[in-house]
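Using my numbering, the letters of the sequence shown map in sequence onto residues 92 to 221.
For each residue, glycine too, the CB sits at the ideal point set by N, CA and C.
Read the structure below first, then the notes.
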Amino acid sequence: MSLKKCFVYIASPYTKGDNFVNVQRQIEFGNDLIDKGYVPVSPLLNAVHYHAQKEREYDTWLEIDYNWILRCDALFRLEGESKGADLEVAYAKKIGIPVFTDMECLSMWYLEEFAIYNLPVIETTEAEWK
């Protein structure tokens, strides 16, 4: 078990194409990330519930997304035309968050970047500390 998980922001289309299908893509990819040991951050899954109750301006969502990105370790860009996802990618790069479009590259980066957190845990007793 890893002591520190890697938070991965998922950037993908929402308004281009079918909104429901786009949210489902993020959920499916998020589940793939969980299966591989990552913590997915799915802005579409989050926003769709808030938006259902109260419509917000585009810039409000973008500002919220930027704040999510600030708290993530990496960003993964799913395929598809999206002005918002492209802006999120540009923002991540600007603040030094690595951006990936390939799962293998993300995995290699993770193994290198998080190696210190994934060392085996050595079980000890309190008596051994003294």
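Quiz item: Taking only runs of the alpha helix (DSSP H) that begin and end inside the region 102-144, which ones reach a length of at least 4 residues, in chain order?
Solution: 110-126, 134-144
Exercise. Note down the Cα distance separating Y105 from S173, rounded to an integer number of angstroms.
Key: 7 Å
Quiz item: Which class does L197 belong to by DSSP, given the choice of helix, strand or coil?
Solution: In the structure shown, L197 adopts helical secondary structure according to DSSP, grouped into three states.
Quiz item: Which one or two residues does DSSP pair with R88 in a beta bridge?
Solution: Residue 88 is absent from the model: the chain starts at 92 and stops at 221.
Quiz item: Per DSSP, F191 forms a beta bridge with which residues?
Solution: F167
Quiz prompt | Assumed close pair V139, V114 - CB separation to whole angstroms, cut-off 8 Å | solution = Yes, V139 and V114 are in contact; Cβ-Cβ is about 6 Å, under 8 Å.
Quiz item: Leaving out the 5 sequence neighbours to the left and right, which residues in its chain are closer than 6 Å to A183 when beta-carbon positions are compared?
Solution: Around A183: I160, L166, V190.
Self-check item: Residue from F98, A143, Y141 whose Cα sits closest to the Cα of G121
Solution: F98
Self-check item: DSSP state of E146 mapped onto helix, strand, coil
Solution: coil
Quiz item: Looking at the structure shown, is K96 part of a helix, part of a strand, or coil, going by DSSP?
Solution: coil
Self-check item: Proximity winner among R116, K96, N137, relative to S103 (alpha-carbon distances)
Solution: Nearest C-alpha to S103: R116.
Exercise. Ignore the nearest five residues each way along the sequence and tell me which others in S133's own chain have a CB closer than 6 Å to its CB.
Key: I101, Q117, G121
Quiz item: Does the beta-carbon of C196 have 16 or more other beta-carbons within 10 angstroms, so that it is buried, or is it exposed?
Solution: exposed
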